[in-house]
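Report on one structure; see the data block that follows.
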Amino acid sequence: MCHASASISRNVRDDLLSIATRHNHDPEAIDLDVLFLRNAIGKRAVDSTTTTPSLRSLYNSEIIKHPHAAINYTFLQTQSRAKRIRQSRRPQLPRDIHELL
1030 MCHASASISR NVRDDLLSIA TRHNHDPEAI DLDVLFLRNA IGKRAVDSTT
1080 TTPSLRSLYN SEIIKHPHAA INYTFLQTQS RAKRIRQSRR PQLPRDIHEL
1130 L
């Protein structure tokens, strides 16, 4: 277990970061393939010109292009991300009749 800790100075002019305890491990490796796969799926999930009938088909076509990332990025993660992205692009519903008019 890593008990690393640091504190930031409360003085606005200071910008001081004090490290109290250092990490006892190396940083985790960043899987850039997963990042590229997530971005590609996200773009295609909201692209109006995408003719793929289902999210499963979209996922399958993208993992063929990013095979190393498919190990660490599941279809369930794709579903969740696509749902969030699509919902964020929808306009908000009016709260009452006055906002509708």
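For my numbering, add 1029 to where a residue sits in the sequence shown, where the first one is 1.
Heads up, the beta-carbon is just placed ideally off N, CA and C, and yes, glycines get one too.
It should be emphasised that the depicted structure is a prediction, and the values quoted were computed from it without experimental measurement.
- According to DSSP, Thr-1050 shares a beta bridge with Ser-1034.
- Judged by their CB atoms, Tyr-1102 and Val-1063 are nearer to each other than the 8 Å cut-off.
- Here Ile-1070 is near Glu-1091, since their CB atoms are less than 8 Å apart.
- If only uninterrupted beta strand (DSSP E) runs of at least 3 residues are considered, none is enclosed by the stretch 1089-1127.
- Annotated three-state conformation of Asn-1040 is coil, per DSSP.
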